[in-house]
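Working notes for the structure below.
Numbering (this note's numbering), first residue to last: 33 to 121.
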């Protein structure tokens, strides 16, 4: 298992097959937006941290929103890293 710092410094192609664990230290309410095709969708932003680093995580999967709550430890797998953030789809 990798640390968040190792994940954020990797040069591997996407999606990343490494895993990392972190605790949710902040969770926003889901936000509703309209995509380029005119469809209404939701996204939720959280901050997760381990012993060395904190990163912003954005989830576009409403079925996962209930797992992204403050104080909960989550495992990240098969994610995308973009602009210094982790994207979950």
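Note that CB positions come from ideal geometry on N, CA and C, so glycine has one too.
Can you list, in chain order, the residues of its chain whose CB lies under 6 angstroms from that of residue i, leaving out five sequence neighbours each side?
i          : result
residue 46 : 112
Taking only the alpha-carbon atoms, compute the straight-line gap between residue i and residue j and give it to the nearest angstrom.
i           : j          : result
residue 102 : residue 55 : 8 angstroms
residue 35  : residue 96 : 22 angstroms
residue 82  : residue 53 : 7 angstroms
Taking 7 angstroms as the limit between beta carbons, can you name the residues of its chain near residue i, skipping five residues before and five after?
i          : result
residue 74 : 62, 63, 64, 94
Does the distance from the CB of residue i to the CB of residue j come in under 8 angstroms?
i           : j           : result
residue 77  : residue 84  : no
residue 119 : residue 108 : no
Using C-beta distances below 8 angstroms, list every residue in its chain close to residue i, excluding the 5 sequence neighbours before and after it, in chain order.
i          : result
residue 66 : 72, 73
Please name the residue, chosen from the options, that lies closest to residue i on a Cα-to-Cα basis.
i           : options         : result
residue 116 : 98, 79, 33, 106 : 79
residue 106 : 58, 38, 69      : 58
residue 100 : 60, 68, 114     : 60
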